[in-house]
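The block underneath contains the structure these notes are about, expressed in structure tokens.
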Amino acid sequence: MAEAQLPAPALIWCPFPDEAAARAVAGALLDEGLAACANLVPGLTSLFVWNGARDEAREIGMLVKTNAALLDAAVARLGMLHPYEEPAITGWICDAASAGTRVWLGGISPAAI
Numbered sequence: 727m728a729e730a731q732l733p734a735p736a737l738i739w740c741p742f743p744d745e746a747a748a749r750a751v752a753g754a755l756l757d758e759g760l761a762a763c764a765n766l767v768p769g770l771t772s773l774f775v776w777n778g779a780r781d782e783a784r785e786i787g788m789l790v791k792t793n794a795a796l797l798d799a800a801v802a803r804l805g806m807l808h809p810y811e812e813p814a815i816t817g818w819i820c821d822a823a824s825a826g827t828r829v830w831l832g833g834i835s836p837a838a839i
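To convert, note that position 39 of the sequence shown is 765 in the numbering used here; the numbers rise steadily by one, no gaps.
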């Protein structure tokens with residue numbers, strides 16, 4: 727498929743309580759063909775308001791690389807697998823990417839499970 731016909735790259739950001747949980751969800755997204763890559767970012771300190779109270783937590787961030795055609799499915803699956811009651815999951819379609827990245831991410835498709 728020509729680069730111009732490929733779905734645009736997309737990214738998902740989501741924090742996790744620990745590396746084990748992030749690795750498990752990343753592995754599932756990769757194995758299911760909903761993502762091409764997941765970057766785990768350790769050492770986050772999150773300050774937030776939840777249920778009317780200010781709090782903070784040590785977390786690990788996950789940046790998922792996928793494409794626009796899979797974005798909604800990947801966000802939904804991440805939400806199903808995430809250990810938090812109400813995880814903060816954000817996803818967006820990228821406005822710009824290198825040609826190689828467009829081909830790589832545009833070429834992924836869900837696994838036949």
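Even glycine gets a Cβ: it sits at the ideal position worked out from N, Cα and C.
Since this is a predicted model, take the numbers as computed values, not measurements.
Collapsed DSSP secondary structure at residue i in the structure displayed
i	result
Gly807	It should be pointed out that residue 807 corresponds to Leu in this sequence rather than to Gly. Reduced to three states, the DSSP call for Leu807 is helix.
Ala837	coil
Gly759	coil
Ala823	coil
Supposed contact pair residue j and residue i - C-beta distance, whole angstroms, cut 8 Å
i	j	result
Leu766	Arg784	Rounded, the Cβ-Cβ distance is 14 Å, inconsistent with contact.
Met760	Ala800	Checking the sequence, you will find Leu at residue 760 rather than Met. Right, their Cβ atoms sit about 4 Å apart.
Met788	Cys740	5 Å
In DSSP terms, what residue i is bridged to
i	result
Trp830	Answer is none; Trp830 lacks a bridge partner.
Pro735	Asn793
Leu766	Met788
Pro741	Gly787
Test item: CB-CB of residue i and residue j under 8 Å
i	j	result
Ile738	Val775	no
Ala794	Ala734	yes
Trp818	Ala762	no
Gly805	Ile815	yes
Arg828	Leu732	yes
Ala736	Leu807	no
Inside the stretch 770–819 only - alpha helix (DSSP H) runs reaching at least 4 residues: 797–807
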